[in-house]
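Peer 1: Numbered by mature numbering (1 follows the signal peptide of the UniProt record, and there is no 0), the letters in the sequence shown go through residues -22 to -1, 1 to 414 in order.
Heads up, the beta-carbon is just placed ideally off N, CA and C, and yes, glycines get one too.
Okay, handing you the structure first.
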Amino acid sequence: MLSRTLLLGAASVLAMSSFAHAETLTIATVNNGDMVRMQKLTEDFTKKNPDIQLEWVTLEENVLRQRVTTDIATKGGQYDVMTIGTYEVPIWAKQGWLLPLDGLGADYDKADLLPAIDAAVSVDGKLYASPFYGESAMVMYRTDLAEKAGVKISEKPTWDEIADAAKKMTDKSTETYGICLRGKAGWGENMALLTAMSNSFGGRWFDEKWQPQFDQPEWKKALTFYVDLMKEAGPPGASSNGFNENLALFQTGKCGIWIDATVAASFVTNPKDSKVADKVGYALFPTGGFENHGNWLWAWNLGIPAGTKKAEAAQKFVSWATDKAYTELVASKEGWANVPPGTRKSLYANPEYEKAAPFAKITLDAMNAANTTKPTVKPVPYTGGQFVAIPEFQGIGTAVGQQFSAALAGSMKVDQALQSAQALTTREMTKGGYIK
């Protein structure tokens, strides 16, 4: 009896000792639905890796970007794993701020990544972040409201077609608004949408000599169209709405058309969260006279800052969260329709996923249609699709987003917002040495 007690005691001491020596990974992530789901499933990881504990810092998109950028640029060392976008990966990798992911293990299968996404997170053939989910942008709309309004949305709609449908689907007496579009200021919030929209109207951020183009007719046409449409058919307070706010409006039946990231499709069709789950149709991102569908391509990725002292444990976590087995784990718990989309070829070759996710084909079509090396019809000195892949864009894009959000709120005229955007962008690009 005594020996058994001693053995149990020894085992307890060993367990406590093991816990005491466990490494704690601090993970910074965005408060999007897929990331929130990942946190709920991490018991699977800690069971397999009892020597690694996880600490989460979950932030709203704009705040996350600000915090992780400051931390990695100043070598602050607060985080061991960061959720970062396709904008940051190549820039930060070239600065030496990210570790190459060469320890993800044999089961990771890099060759299974969709080529466009693989290219976006690799530098010189080396992976510097692992994609958690990928997206383009598309139209999601209420099929019942469209039918009631007598409108039909084609698979490749024009902006005029969308505007006509949105106006006819609006019924302000029941707080049903024809269209929801991002208005919250931020380079990755309203400027993601408006840059893609401008691309579809033939606009561009810069000409070949890095001169800003907000004084050109394409941007005026795009911004005027956006502001007028949102005033007529959008919800009140739209200048404060980003991805999550518009998702909530759509899920609660307050929105007829939502144009945003393809990743939203699984949320709006999930009957647990969406009142309109069985009434959603899809179409490609609208065109404004040019067949480029906005050229939106994005992925949220897990990267490891070069300053971490826990690189081996961090790579174990990144591999767990982004390999094919994680997809199967989500499918077993939440169903195939809710797995993170847009990163792996095998997912789109899976008949179970195709059957469960009516949006699978159009998501893949939208991603394959995106060409981030030629974001608009006129020649440009940059790449990036719905953003400009230069370090200065984070600050400039947010500052321009503030002007355009003010125009949507009615506190500034469209012409004023464009003039202000032109002036501030010219100033920053001159300061950065782009304009000689």
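(1) If L82 sits next to S297, beta carbons under 8 Å apart, how far is it from one beta carbon to the other, in whole angstroms?
(2) Can you round the beta-carbon distance between residue 497 and Q229 to whole angstroms, since I take them to be within the 8 Å contact cut?
(3) If I'm right that A277 touches T321 with Cβ under 8 Å, what's the distance once you round it to whole angstroms?
(4) By the 10 Å Cβ neighbour count, where 16 or more other Cβ atoms means buried, how is Q400 classified, buried or exposed?
(5) Less than 8 Å separating the beta-carbons of A344 and T240?
(6) Rounded to whole angstroms, what's the CA-CA distance from E223 to Y119? Just pull it up for me.
(7) Among all the DSSP beta bridges, which residues are the ones paired with K104?
(8) Using the Cβ count rule (16 or more neighbours within 10 Å means buried), how would you classify P319?
(9) In terms of residues, what are the limits of the beta strand (DSSP E) holding G30?
(10) CB-CB under 6 Å to A243, same chain, minus the five flanking residues each way: which ones, in chain order?
(11) Would you report the Cα separation of P264 and I140, rounded to the nearest angstrom?
(12) On the DSSP bridge list, what partners appear for A242?
(13) Using CA atoms only, rank isn't needed, just tell me which of A347, E306, E312 is closest to N328.
(14) Looking at the unbroken beta strand (DSSP E) that takes in R120, where does it start and where does it end?
(15) Quick one: measure Cβ to Cβ for A6 and D29, integer angstroms, because I've assumed they're closer than 8 Å.
(16) By Cβ distance below 7 Å, which residues in the same chain neighbour V205 in space, the five residues on each side in sequence not counted?
(17) Where in the region 167 to 212 do unbroken runs of the beta strand (DSSP E), each at least 3 residues long, occur, reported from the N-terminal end onward?
(18) Count the other CB atoms, across all protein chains shown, that sit within 10 Å of the CB of E66; report buried if there are 16 or more and exposed otherwise.
(19) Does the distance from the C-beta atom of G156 to that of A144 stay below 8 Å?
(20) Determine, using beta-carbon pairs with one atom in the region 191 to 201 and one in the region 280 to 299, whether at least three such pairs fall under 8 Å.
(21) If G272 sits next to G180, beta carbons under 8 Å apart, how far is it from one beta carbon to the other, in whole angstroms?
(22) From what residue to what residue does the beta strand (DSSP E) around M390 run?
(23) Let me check understanding here. Comparing Cα to Cα, which of A395, I69, V41, L402 lies closest to K198?
(24) Quick check on D12: buried or exposed, where buried means 16 or more other Cβ atoms within 10 Å of its Cβ?
(25) Do Y106 and D301 have their beta-carbon atoms positioned less than 8 Å apart in this structure?
(26) Following the continuous alpha helix (DSSP H) through N279, name the residue where it begins and the one where it ends.
(27) What distance in whole Å lies between the Cβ atoms of T61 and L42, which are believed to be in contact at a cut-off of 8 Å?
(28) Between which two residues does the alpha helix (DSSP H) holding L342 run?
(29) Identify, in the order they occur along the chain, each residue of the same chain with its Cβ nearer than 6 Å to the Cβ of A315, setting aside the five sequence neighbours on each side.
Peer 2: Straight from the coordinates:
(1) Translated into positions along the sequence shown, residue 82 becomes position 104. Translated into positions along the sequence shown, residue 297 becomes position 319. At roughly 4 Å, the Cβ-Cβ gap stays under 8 Å, so L82 and S297 are in contact.
(2) The question about residue 497 has no answer here: the residues shown for the chain are numbered -22 through 414.
(3) Position 299 of the sequence shown, counted from the first residue, corresponds to residue 277. Position 343 of the sequence shown, counted from the first residue, corresponds to residue 321. Yes, they are in contact, since the Cβ atoms of A277 and T321 sit about 7 Å apart, within 8 Å.
(4) Here residue 400 refers to the residue found at position 422 when the sequence shown is read from its first residue. Flag for Q400 reads buried.
(5) In the sequence shown, counting from the first residue as 1, residue 344 sits at position 366. In the sequence shown, counting from the first residue as 1, residue 240 sits at position 262. The Cβ-Cβ distance between A344 and T240 falls below 8 Å.
(6) Counting from one through the sequence shown, the residue named residue 223 turns up at place 245. Counting from one through the sequence shown, the residue named residue 119 turns up at place 141. Taking the straight line from one Cα to the other gives about 16 Å.
(7) One-based indexing of the sequence shown puts residue 104 at position 126. Looking at the DSSP output, K104 bridges to V101.
(8) Taking the sequence shown and counting its residues from 1, one reaches residue 319 at position 341. By the 10 Å Cβ count, P319 comes out buried.
(9) Against the sequence shown, residue 30 aligns to sequence position 52. A small correction: the amino acid at residue 30 is Ile; Gly does not occupy that position in the sequence shown. Its beta strand (DSSP E) spans residues 30 to 37.
(10) Counting from 1 along the sequence shown, the entry for residue 243 is found at position 265. Around A243: F337.
(11) Locating residue 264 in the sequence shown gives position 286, where the first residue counts as 1. Locating residue 140 in the sequence shown gives position 162, where the first residue counts as 1. Distance between the alpha carbons of P264 and I140: 8 Å.
(12) Translated into the one-based positions of the sequence shown, residue 242 becomes position 264. The beta-bridge partner set that DSSP reports for A242 is empty.
(13) In the sequence shown, the residue the question calls residue 328 occupies position 350. If we check each option's Cα against that of N328, E306 comes out closest.
(14) Translated into positions along the sequence shown, residue 120 becomes position 142. Taken as a continuous stretch (DSSP letters only), the beta strand (DSSP E) holding R120 covers 115 to 120.
(15) Reading the sequence shown from its first residue, position 28 is the one you call residue 6. Reading the sequence shown from its first residue, position 51 is the one you call residue 29. Not confirmed; about 22 Å, so no contact.
(16) For the purposes of this step, residue 205 is taken as residue 227 along the sequence shown, with counting starting at 1. Only A385, L386, V392 meet the Cβ criterion.
(17) none
(18) Here residue 66 refers to the residue found at position 88 when the sequence shown is read from its first residue. Counting Cβ neighbours within 10 Å, E66 comes out buried, since at least 16 surround it.
(19) Along the sequence shown, one-based indexing puts residue 156 at 178. Along the sequence shown, one-based indexing puts residue 144 at 166. The answer is yes: Cβ separation under 8 Å.
(20) no
(21) Along the sequence shown, one-based indexing puts residue 272 at 294. Along the sequence shown, one-based indexing puts residue 180 at 202. The Cβ separation is near 12 Å, so there is no contact.
(22) As a position in the sequence shown, residue 390 is number 412, starting the count at 1. Counting along the chain, M390 falls outside any beta strand (DSSP E), and DSSP gives it neither H nor E.
(23) Counting from one through the sequence shown, the residue named residue 198 turns up at place 220. Nearest of A395, I69, V41, L402 to K198, Cα basis: A395.
(24) Residue 12 sits at position 34 when you count from the first residue of the sequence shown. Answer is buried; the Cβ neighbour count reaches 16.
(25) For this step, residue 301 is matched to residue 323 along the sequence shown. For this step, residue 106 is matched to residue 128 along the sequence shown. No; because the gap between Cβ atoms is not below 8 Å, this pair is not in contact.
(26) In the sequence shown, counting from the first residue as 1, residue 279 sits at position 301. Looking at the DSSP string, N279 is not in any alpha helix (DSSP H); the run it does join, the beta strand (DSSP E), is 276 to 281.
(27) Translated into the one-based positions of the sequence shown, residue 42 becomes position 64. Translated into the one-based positions of the sequence shown, residue 61 becomes position 83. Confirmed, about 7 Å.
(28) Counting from one through the sequence shown, the residue named residue 342 turns up at place 364. Element bounds for L342: 338 to 347.
(29) Translated into the one-based positions of the sequence shown, residue 315 becomes position 337. Closer than 6 Å at the Cβ level, and outside the excluded window around A315, lie S244, A334, A335.
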